[in-house]
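These notes are about the structure you will find just below.
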Amino acid sequence: MLKKIIKKMTTPEQRVKINRVLGKMMSFKHKENYYRPYKEIVDKDSDVFFGYYDINQFSGNNIAFLKVKNDKCKIFVRKNDGGELYIDSTNAWCWQQGCRLRWHPSKENTLMWNDFDGYKYHTRTKNIYTGNEEIIEYPFYDVSKNGYYGLAIDFGRLGYMRPGYGYTNLPNRDEDAYGGIVLVNMNTFIVESFVSYNDILSLIPQKLDPKICYLNHLSFNPSGNKFLFFFLTKERLHKARLFVYDIDKSELKLLENEYSVSHYCWINDDEIIATAYDENRDCKYYLYKKDACRKILMPDKLTVDGHPTIISKDIMITDTYPNNEGFQKVLKVDFNENNIDVIADLYSTVKYLGERRTDLHPRVDLENKRVAIDSNVNGRRKVCILERCF
Numbered sequence: 016m017l018k019k020i021i022k023k024m025t026t027p028e029q030r031v032k033i034n035r036v037l038g039k040m041m042s043f044k045h046k047e048n049y050y051r052p053y054k055e056i057v058d059k060d061s062d063v064f065f066g067y068y069d070i071n072q073f074s075g076n077n078i079a080f081l082k083v084k085n086d087k088c089k090i091f092v093r094k095n096d097g098g099e100l101y102i103d104s105t106n107a108w109c110w111q112q113g114c115r116l117r118w119h120p121s122k123e124n125t126l127m128w129n130d131f132d133g134y135k136y137h138t139r140t141k142n143i144y145t146g147n148e149e150i151i152e153y154p155f156y157d158v159s160k161n162g163y164y165g166l167a168i169d170f171g172r173l174g175y176m177r178p179g180y181g182y183t184n185l186p187n188r189d190e191d192a193y194g195g196i197v198l199v200n201m202n203t204f205i206v207e208s209f210v211s212y213n214d215i216l217s218l219i220p221q222k223l224d225p226k227i228c229y230l231n232h233l234s235f236n237p238s239g240n241k242f243l244f245f246f247l248t249k250e251r252l253h254k255a256r257l258f259v260y261d262i263d264k265s266e267l268k269l270l271e272n273e274y275s276v277s278h279y280c281w282i283n284d285d286e287i288i289a290t291a292y293d294e295n296r297d298c299k300y301y302l303y304k305k306d307a308c309r310k311i312l313m314p315d316k317l318t319v320d321g322h323p324t325i326i327s328k329d330i331m332i333t334d335t336y337p338n339n340e341g342f343q344k345v346l347k348v349d350f351n352e353n354n355i356d357v358i359a360d361l362y363s364t365v366k367y368l369g370e371r372r373t374d375l376h377p378r379v380d381l382e383n384k385r386v387a388i389d390s391n392v393n394g395r396r397k398v399c400i401l402e403r404c405f
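Numbering (the working numbering), first residue to last: 16 to 405.
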């Protein structure tokens with residue numbers, strides 16, 4: 016009876032907050048539980064974070080990150096001695112994916128990020144020591160590891176279709192429903208290929224209205240000759256299809272049409288790990304091969320969604336969303352041993368939910384065996400660097 020009264024008198028968001036606060040109290044756990052040595056990048060007056068999990072924020076001992084205060088986003092680098100170097104600011108950012116800040120793969124000591132000049136979105140690059148700067152007319156979602164290609168999409172459309180993942184500096188327009196993916200040569204800045212909505216829709220058996228469709232989550236394979244992407248529909252139930260484009264063959268392939276994919280990482284040039292929801296809305300980790308065959312991974316242990324990154328053939332770093340008590344975990348998964356090791360177990364504040372929520376988004380530093388996460392325990396974001404993780 017009490018549950019029915021509470022449900023009638025509260026919104027879904029209010030119920031999440033109530034359940035999380037009560038769950039935390041009943042758990043008798045500390046808000047922050049670290050099982051590895053760690054350091055923090057924190058500012059008492061600003062939200063400190065990086066963004067999505069698919070970009071490496073490390074370059075040697077330099078760590079790139081963002082500070083947001085009063086909706087103004089500034090770019091910094093934490094140096095080895097603990098000092099902070101201010102780089103620049105950006106007008107194109109969001110809470111989940113930041114400004115797609117990254118280290119330039121082929122230019123030393125150079126950062127690149129998305130920005131907005133008052134008229135259009137674009138990419139900026141800047142050497143953190145010399146200040147040498149370049150503006151590229153396309154806003155990149157991903158750049159190949161060899162620095163040869165960049166992928167651009169309509170971040171404005173993404174921002175309106177999926178709040179928190181794109182940019183909303185400009186009004187949304189219906190004609191933006193007929194865009195696509197732009198493949199740019201990073202040496203000449205010439206468009207080498209364009210994957211249109213019509214190209215994508217022609218491979219989907221179901222008839223879809225382009226006005227409810229949008230693009231997100233583009234990622235090059237290690238060699239940079241293929242990329243994956245999600246094609247999503249904004250309906251009552253969230254639906255995301257997984258595609259792969261072969262640049263050398265100019266070939267587009269639909270890998271997942273039945274399940275709704277959620278997160279992803281390349282294992283090698285031809286295999287992908289993705290989390291996906293089945294028809295019962297149960298989430299599992301799947302291995303996808305180039306023939307579109309999928310294989311479930313550790314079905315008894317990997318039972319919730321997360322943000323995966325492959326470390327080696329047997330090791331994966333991933334995370335979880337907050338459970339009923341409000342705690343989310345960073346995990347080291349050993350496929351060979353069929354084992355999951357908890358690296359950190361952190362409370363997530365109820366102050367911000369929805370597009371302003373703080374996912375952990377674990378980002379891997381292979382060279383130094385570190386993992387960086389975004390954390391928000393008490394209402395202000397910070398970056399935590401976990402040491403000796405694998």
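Backbone N, C-alpha and C fix where the C-beta goes; we use that ideal spot for every residue, glycine too.
- Message: Given this structure, state the Cα-to-Cα distance separating R117 from D224, to the nearest angstrom.
- Response: In the sequence shown, the residue the question calls residue 117 occupies position 102. In the sequence shown, the residue the question calls residue 224 occupies position 209. Rounded to the nearest angstrom, the two C-alpha atoms are 34 Å apart.
- Buried or exposed: H253, going by 16 or more other Cβ atoms within 10 Å of its Cβ? For this step, residue 253 is matched to residue 238 along the sequence shown. So H253 ends up on the exposed side.
- Excluding sequence positions up to five away, which residues of its chain have a Cβ less than 8 Å from the Cβ of Y134? For the purposes of this step, residue 134 is taken as residue 119 along the sequence shown, with counting starting at 1. Cβ within range, chain order: n/a, list empty.
- Going by Cα to Cα distance, which pick from A167, K316, R378, L368 is closest to D349? For the purposes of this step, residue 349 is taken as residue 334 along the sequence shown, with counting starting at 1. Looking at the Cα atoms, K316 is the closest of the given residues.
- Query: Nearest-angstrom Cα distance between I168 and T333?
  - Reply: Indexing the sequence shown from 1 puts residue 168 at position 153. Indexing the sequence shown from 1 puts residue 333 at position 318. Approximately 26 Å between the Cα atoms of the pair.
- Message: Quick check for students: name the residue ranges of the beta strand (DSSP E) that lie wholly in the region 285–315, counting only runs of 3 or more.
- Response: 287–292, 298–303, 309–312
- Within the 7 Å Cβ cut-off, does T138 reach chain C? The structure shown contains no chain C, having only a single protein chain.
- Range covered by the beta strand (DSSP E) that runs through D157: For the purposes of this step, residue 157 is taken as the residue at position 142 of the sequence shown. D157 -> beta strand (DSSP E) spans 155–158.
- Item | Proximity to K366 [Cα-Cα], best of R93, I355, S390 | The count along the sequence shown starts at 1 and reaches residue 366 at position 351. Checked all of R93, I355, S390; the closest Cα to K366 is S390.
- Query: What residues match up with R93 in a beta bridge as DSSP calls it?
  - Reply: Indexing the sequence shown from 1 puts residue 93 at position 78. In DSSP, R93 forms a bridge with I78, E99.
- Item | Beta-carbon spacing of F235, D157 below 7 Å | Your numbering for residue 235 matches position 220 in the sequence shown. Your numbering for residue 157 matches position 142 in the sequence shown. Yes, these two residues count as a Cβ contact at 7 Å.
- Task: Look at the alpha carbon of N351 and the alpha carbon of D329, and state the distance between them as a whole number of angstroms.
- Result: Walking along the sequence shown from the start, residue 351 turns up at place 336. Walking along the sequence shown from the start, residue 329 turns up at place 314. Looking at the two C-alpha atoms, the distance is approximately 6 Å.
- Query: Between the region 254–267 and the region 204–213, are three or more C-beta pairs nearer than 8 Å?
  - Reply: yes
- Message: Nearest by alpha-carbon distance to F64: which of V92, F170, N353, Y163 is it?
- Response: Position 49 of the sequence shown, counting from 1, holds the residue named residue 64. Nearest option by C-alpha distance: V92.
- G195, enclosing beta strand (DSSP E) - first and last residue: Within the sequence shown, residue 195 is the residue found at index 180, counting from 1. G195 -> beta strand (DSSP E) spans 195–200.
- Message: Please report the distance separating the alpha-carbon of I326 from that of T25.
- Response: Position 311 of the sequence shown, counted from the first residue, corresponds to residue 326. Position 10 of the sequence shown, counted from the first residue, corresponds to residue 25. When rounded, the distance between both Cα atoms is 43 Å.
- With a Cβ-Cβ cutoff of 7 Å, do R385 and E402 count as a contact? Locating residue 385 in the sequence shown gives position 370, counting from the first residue. Locating residue 402 in the sequence shown gives position 387, counting from the first residue. For R385 and E402, yes; Cβs fall inside 7 Å.
- Do you know offhand how far M313's Cα is from N353's? The residue you call residue 313 lines up with position 298 of the sequence shown. The residue you call residue 353 lines up with position 338 of the sequence shown. Rounded to whole angstroms, M313 to N353 spans 7 Å at the Cα level.
- Message: What ranges does the beta strand (DSSP E) occupy inside the region 203–261, keeping only unbroken runs of at least 3 residues that lie completely in it?
- Response: 206–211, 228–235, 241–248, 254–261
- Item | Classification of M176 by the beta-carbon crowding that lies within 10 angstroms, buried from 16 upward | On the sequence shown, position 161 is the one that residue 176 refers to. Buried, because 16 or more other Cβ atoms sit within 10 Å of the Cβ of M176.
- Closest to G113 by CA distance: which of D62, K268, G75 is it? As a working mapping, residue 113 is identified with position 98 in the sequence shown. Ranking the options by Cα distance to G113, first place goes to D62.
- Boundaries (first-last residue) of the alpha helix (DSSP H) holding Q29: As a working note, residue 29 is residue 14 in the sequence shown. It spans 27–42 - the alpha helix (DSSP H) in which Q29 sits, taken as one unbroken run.
- Message: For K249, tell me which candidate among L173, H232, Y274, Y301 has the shortest Cα-Cα distance.
- Response: Position 234 of the sequence shown holds residue 249. Residue L173 is the option with its Cα nearest to K249.
- Query: Hey, is the region 355–370 in contact with the region 29–40, meaning 3+ C-beta pairs nearer than 8 Å?
  - Reply: yes
- Which stretch, first to last residue, makes up the beta strand (DSSP E) that contains Y164? The count along the sequence shown starts at 1 and reaches residue 164 at position 149. Run containing Y164: 164–167, per the beta strand (DSSP E) assignment.
- Give the single residue among I143, H119, D130, F244 whose Cα lies nearest to the Cα of Y101. Stepping through the sequence shown from its first residue, residue 101 is reached at position 86. It is I143 whose Cα lies nearest to the Cα of Y101.
- Message: What does the Cβ neighbour count give for A291, buried or exposed, with the cut at 16 atoms within 10 Å?
- Response: Looking up residue 291 in the sequence shown gives position 276. Buried, since its Cβ has 16 or more Cβ neighbours within 10 Å.
- Please determine, among R371, G369, A387, D380, the residue with the shortest C-alpha to C-alpha distance to A359. The residue you call residue 359 lines up with position 344 of the sequence shown. It is A387.
- Span of the beta strand (DSSP E) holding L375? The count along the sequence shown starts at 1 and reaches residue 375 at position 360. Here L375 belongs to no beta strand (DSSP E), and DSSP marks it neither H nor E.
- Cβ-based burial, N231 [other Cβ within 10 Å; buried from 16]: The residue given as residue 231 occupies position 216 in the sequence shown. Counting Cβ neighbours within 10 Å, N231 comes out buried, since at least 16 surround it.
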